[in-house]
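Engineer: Next up is a structure, given as structure tokens.
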């Protein structure tokens with residue numbers, strides 16, 4: 133049973149310097165062809181299960197015009213939903229307006245995700261983003277008025293040359309907006325980004341960690357820290373993302389989208405021209421039981437609650453402690469155990485890769 | 033073969049002065065090989081030799097040369113150019129009556145030029161001075177001629193060549209015929225043959241290079257090695273033209289190869305005398321010396337399951353190289369490995385490189401050590417070939433370390449820099465000679481341990497590459513030595529221990545811990561690195577705890593990538609050595625080598 137769907141909309145009005153996602157500049161002609169291809173892919177692959185979550189990400193899905201958005205939602209209406217379905221769309225503020233919000237409402241969108249990242253001029257300049265504080269405040273007010281009561285805001289930190297006081301300013305601004313959910317990431321300088329090509333240097337590891345600590349400490353006063361980089365008010369954890377971390381299956385439609393189905397992890401082509409021609413040309417990783425067990429651990433240990441012993445047993449008919457050398461990790465206190473779960477201590481989350489390698493088979 | 037028409041000679045030169053190219057040209061000129069067959073440096077048969085431009089193993093070629101209605105047989109015996117192999121050089125010199133002293137027209141006389149010349153003179157060889165590479169744009173024939181005059185040659189006897197273009201080769205061949213005497217041994221005397229080299233061939237077994245001094249050796253003879261008393265039957269004899277050609281016998285003055293059913297190179301000692309079992313000569317040839325390793329280091333496989341492969345590799349290398357010694361050694365830090373002894377640093381580097389290149393085993397080599405002598409309080413003397421074997425300080429009465437006499441040849445403008453370097457390495461100045469107006473020879477007495485680290489690199493860099501050096505062992509001298517341990521997270525890492533002079537321990541300890549801090553990545557916890565003498569810590573640095581190793585974002589599209597990233601980290605982890613709870617990259621073990629002031 134596949135319960136989650138991800139839809140990738142690769143269009144943006146401008147390209148941010150840190151972005152390594154698959155995207156192109158917005159263009160009517162391409163949007164038309166792209167939506168056509170998306171429809172074909174979805175119709176071809178989707179098996180008709182009720183979807184607990186649908187997530188439209190990008191790129192910037194909200195840059196599509198009203199007609200294009202309507203067309204998109206019609207394509208997606210093929211996906212079966214029920215009253216509990218979490219239906220998210222990623223937006224930026226400069227492309228969003230009342231008309232689009234009303235359209236979202238009409239098609240059942242019940243969660244909005246905004247990439248604010250930062251409001252400090254210095255950071256925005258480096259990130260090549262143009263966000264207006266006033267516009268943000270107004271649009272969020274408007275969304276709330278229309279009944280959107282599940283809003284996520286993204287906050288980026290450890291931006292090259294960022295200082296603690298820049299971060300304080302961003303944190304305060306975001307917390308004042310009182311979103312239900314906050315995702316926060318340290319700025320990674322990844323290949324194929326402008327930052328990388330311009331040889332921008334990442335900030336010092338110790339400062340990065342201090343910023344992370346500060347964010348955790350501040351947000352924990354109002355939010356539940358439930359995943360390395362995610363915070364939510366009670367009941368507002370992202371169900372879609374929890375699906376990934378609990379190693380559940382999902383569809384992924386659109387250029388560069390990944391899916392997990394039929395014991396395989398697929399990633400579609402990253403070339404828009406190929407995608408439009410229907411050449412999905414995906415990367416394919418066939419998983420055996422031990423791969424799946426590895427994934428269960430390396431994904432689940434991102435959650436503060438950790439990996440459920442019972443779920444693991446139900447999935448694999450064997451216990452975690454019989455599948456991995458758990459004892460030595462417990463002994464080194466790199467892993468902790470409750471009655472129901474194994475989890476990484478909060479203080480070690482930021483070095484979790486050093487622990488997760490133990491769950492990778494030779 | 034008429035004995036009067038034989039000429040046995042070798043070519044001696046500083047490294048890179050064109051010895052092997054000159055040999056190639058002689059082979060080509062005399063028609064021994066065609067131009068098509070001529071790979072560059074025909075005589076060097078190992079890949080490493082050809083790449084590094086160094087002749088490691090010896091080779092002898094017989095060349096037929098017609099002149100004045102006579103056929104001459106020239107035996108060209110190739111010698112290694114490096115000081116590490118000076119005993120091998122001296123034995124191959126002993127197989128000759130003459131030597132071509134080759135000097136690069138652009139470089140002039142260098143350290144090994146003189147070292148080899150003196151060895152040749154010790155063996156009473158006739159020397160033909162040759163200035164080579166005269167085709168080079170920066171050739172300075174006049175200057176080099178002067179240098180040769182300063183060491184006692186006449187201008188008239190110097191031959192100018194370019195092995196590259198072939199200029200002067202005919203003249204050189206005439207000089208070989210006319211100046212080098214024919215061998216003066218006697219066929220009628222009992223057999224006396226010098227072993228000047230041996231190699232192991234995986235098909236034929238041990239092949240021994242011999243020079244017949246007196247008498248005759250025939251296929252089927254029963255021979256006796258005078259040092260080892262081993263006897264063998266001669267299975268075949270051959271010469272190298274450079275195509276192998278079997279012969280029935282070899283007589284006084286001739287050079288060739290001998291095959292007998294000899295299993296291991298250890299049974300054939302270079303410098304030993306071969307005679308006939310039933311008609312032996314009464315006196316062995318002079319000059320035999322047992323070769324002793326000068327430098328030791330530990331060699332460990334990075335993956336501990338490669339220990340047996342490493343043993344096999346060392347055994348195979350030893351078949352080819354009797355001067356390599358090794359015995360099993362265990363390190364707490366590195367597991368099972370071998371303590372290996374080498375003639376010198378170059379020899380060590382070549383063996384390490386061959387293990388990795390030819391046998392595909394990744395190894396960790398610990399820092400090289402010389403052999404120390406320790407007089408204990410109970411008056412016993414012990415020999416220490418590894419820092420870990422250093423006795424406790426309470427039972428040590430005196431410590432001694434090997435010293436060498438170093439001769440450095442350099443343009444005079446670098447005298448200051450060279451002296452500073454030698455002084456810094458605990459050198460004792462002996463004297464200085466001017467070779468001509470611009471070049472000097474500086475003599476220092478230095479502890480061998482100070483030159484096994486990075487002396488040569490430092491010398492090259494402080495003289496812009498102009499200086500060269502050579503050294504000879506002079507003996508053991510009392511010295512205040514201590515063992516310096518390196519502790520990681522409070523635990524001694526035995527493979528990083530070194531023996532140092534007490535006065536220099538602080539400086540060295542500081543450099544080592546700083547270097548290790550750069551090399552060892554952050555760990556999950558803070559790791560102190562300490563240098564200590566006994567229980568006394570003399571230097572300390574801390575590696576900060578790892579703060580960040582996380583994939584901050586992980587959604588649907590990142591999942592496979594995340595696993596790949598972790599797989600990569602896992603592979604990286606595997607390449608590290610786990611020492612206690614600290615993961616140490618292999619470079620750390622080499623780092624002790626290159627620690628010196630920036």
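Protein chains in written order, with my numbering: chain A, 133 to 494; chain B, 33 to 630. We put the CB at the ideal spot given by N, CA and C, even for glycine.
Would you mind sorting residue 461 of chain B into buried or exposed? The rule is 16 or more other CB atoms within 10 Å of its CB.
Structural biologist: Per the 10 Å Cβ criterion, exposed.
Engineer: Return the chain-ordered list of same chain residues with a C-beta closer than 6 Å to the C-beta of residue 83 of chain B, the five sequence neighbours on each side being excluded.
Structural biologist: The predicted model places residue 83 of chain B with a pLDDT of 48, which falls under 50 and marks its position as unreliable, so this point remains unresolved.
Engineer: State the CB to CB distance for the pair residue 272 of chain A and residue 235 of chain A, rounded to an integer number of angstroms; the pair is presumed to be in contact (CB under 8 Å).
Structural biologist: In fact, because the Cβ distance is near 18 Å, the residues do not count as touching under 8 Å.
Engineer: Answer with buried or exposed for residue 209 of chain A, where buried requires no fewer than 16 other C-beta atoms within 10 angstroms of its C-beta.
Structural biologist: Exposed.
Engineer: Let's see if you can read the secondary structure: which residues bound the beta strand (DSSP E) around residue 316 of chain A?
Structural biologist: Taken as a continuous stretch (DSSP letters only), the beta strand (DSSP E) holding residue 316 of chain A covers 313-318.
Engineer: Mind checking residue 216 of chain A: buried by the 16 CB within 10 Å criterion, or exposed?
Structural biologist: Exposed: under 16 other Cβ atoms inside 10 Å.
Engineer: Does residue 584 of chain B get closer than 7 Å to chain A when you measure Cβ to Cβ?
Structural biologist: Interface residue, yes.
Engineer: Name the chain A residues whose beta carbon is nearer than 9 Å to that of residue 588 of chain B?
Structural biologist: Here the neighbours are 136, 138, 187, 189, 372, 373, 375, 376, 382, 384, 389, 390, 391, 392.
Engineer: Where does residue 145 of chain A fall in DSSP's three states?
Structural biologist: Residue 145 of chain A: coil per DSSP, three-state reduction.
Engineer: Which residue marks the beginning of the beta strand (DSSP E) containing residue 228 of chain B, and which one marks its end?
Structural biologist: That run of the beta strand (DSSP E) goes 224-233.
Engineer: When you compare the segment 501-515 of chain B with the segment 427-438 of chain B, are there three or more beta-carbon pairs, one atom per stretch, that lie closer than 8 Å?
Structural biologist: Taking 8 Å as the limit for Cβ pairs, the verdict is that the segment 427-438 of chain B does touch the segment 501-515 of chain B.
Engineer: For the beta strand (DSSP E) containing residue 416 of chain A, name the first residue and the last one.
Structural biologist: It spans 415-418 - the beta strand (DSSP E) in which residue 416 of chain A sits, taken as one unbroken run.
Engineer: Leaving out the 5 sequence neighbours to the left and right, which residues in its chain are closer than 8 Å to residue 301 of chain A when beta-carbon positions are compared?
Structural biologist: So the qualifying residues of the chain are 251, 252.
Engineer: Under a Cβ-count criterion, where at least 16 other Cβ atoms within 10 Å of its own Cβ denotes burial, should residue 440 of chain A be classed as buried or exposed?
Structural biologist: The residue is buried, with at least 16 neighbouring Cβ atoms inside 10 Å.
Engineer: Keeping to the same chain, check which residues put their C-beta closer than 7 Å to that of residue 127 of chain B; ignore five residues upstream and five downstream.
Structural biologist: If we look at residue 127 of chain B and ignore the five residues flanking it on each side, its Cβ neighbours are 40, 109, 226, 228, 243, 287.
Engineer: Pick out whichever of B:551, B:36, B:554, B:201 has its Cα sitting closest to the Cα of residue 285 of chain B.
Structural biologist: Closest by alpha carbon: B:36.
Engineer: In three-state terms, what does DSSP make of residue 86 of chain B?
Structural biologist: Here residue 86 of chain B scores only 39 on pLDDT, less than 50, and its place in the model is too uncertain to base an answer on.
Engineer: Pull up the CB-CB distance for residue 475 of chain A and residue 431 of chain A, whole angstroms please, since I reckon it's below 8 Å.
Structural biologist: About 13 Å separates the two Cβ atoms, so there is no contact after all.
Engineer: Less than 7 Å between the C-beta atoms of residue 393 of chain B and residue 348 of chain B, yes or no?
Structural biologist: The answer is no: Cβ separation not under 7 Å.
Engineer: Taking residue 49 of chain B as the reference, which of B:183, B:281, B:212, B:148 has the closest Cα?
Structural biologist: Among B:183, B:281, B:212, B:148, the Cα nearest to that of residue 49 of chain B is on B:148.
Engineer: Are the beta-carbon atoms of residue 266 of chain B and residue 251 of chain B separated by less than 7 Å?
Structural biologist: Contact: yes.
Engineer: For residue 484 of chain B versus residue 377 of chain B, is the C-beta spacing smaller than 7 Å?
Structural biologist: Cβ atoms of residue 484 of chain B and residue 377 of chain B: closer than 7 Å.
Engineer: Could you tell me the distance, in whole angstroms, from the CA atom of residue 478 of chain A to the CA atom of residue 152 of chain A?
Structural biologist: Distance between the alpha carbons of residue 478 of chain A and residue 152 of chain A is about 28 Å.
Engineer: In whole angstroms, what separates the C-alpha of residue 527 of chain B from that of residue 331 of chain B?
Structural biologist: Roughly 10 Å between the two C-alpha positions.
Engineer: Is there at least one Cβ from chain A nearer than 7 Å to residue 520 of chain B's Cβ?
Structural biologist: So no, residue 520 of chain B is outside the interface.
Engineer: How many angstroms separate the CA atom of residue 200 of chain B from the CA atom of residue 111 of chain B?
Structural biologist: Approximately 22 Å, taken between the alpha carbons.
Engineer: Buried or exposed: where does residue 308 of chain B fall if 16 or more other Cβ atoms within 10 Å of its Cβ makes it buried?
Structural biologist: Buried: at least 16 other Cβ atoms inside 10 Å.
Engineer: Classify residue 89 of chain B as buried or exposed, calling it buried when 16 or more other Cβ atoms lie within 10 Å of its own Cβ.
Structural biologist: Legend: pLDDT at residue 89 of chain B = 45, less than 50; position of this residue unreliable, value from coordinates given subsequently. The residue is buried, with at least 16 neighbouring Cβ atoms inside 10 Å.
Engineer: Can you tell me which of the three DSSP states residue 150 of chain B falls into?
Structural biologist: The answer is helix: DSSP assigns residue 150 of chain B an H, G or I state.
Engineer: Return the bridge partner residues of residue 134 of chain A from the DSSP annotation.
Structural biologist: Residue 134 of chain A pairs with nothing; no bridge assigned.
Engineer: Is the CB of residue 601 of chain B under 7 Å away from at least one CB in chain A?
Structural biologist: Yes, because at least one Cβ of chain A sits closer than 7 Å to the Cβ of residue 601 of chain B.
Engineer: Under a Cβ-count criterion, where at least 16 other Cβ atoms within 10 Å of its own Cβ denotes burial, should residue 107 of chain B be classed as buried or exposed?
Structural biologist: The residue is buried, with at least 16 neighbouring Cβ atoms inside 10 Å.
Engineer: Is it buried or exposed for residue 219 of chain B, if we count other Cβ within 10 angstroms and need 16 for buried?
Structural biologist: With fewer than 16 other Cβ atoms within 10 Å, it is exposed.
Engineer: Tell me which residues share the same chain as residue 203 of chain B and place their Cβ nearer than 6 Å to its Cβ, disregarding the 5 neighbours each side in the sequence.
Structural biologist: For residue 203 of chain B, where only same-chain residues beyond five positions count, the Cβ hits under 6 Å are 191.
Engineer: Touch check for the segment 532-550 of chain B and the segment 362-369 of chain B: three-plus C-beta pairs under 8 Å?
Structural biologist: The segment 532-550 of chain B vs the segment 362-369 of chain B: no contact.
Engineer: Tell me, please, whether the segment 548-556 of chain B touches the segment 607-622 of chain B by the rule of three or more beta-carbon pairs shorter than 8 Å.
Structural biologist: Enough Cβ pairs lie closer than 8 Å, so yes.
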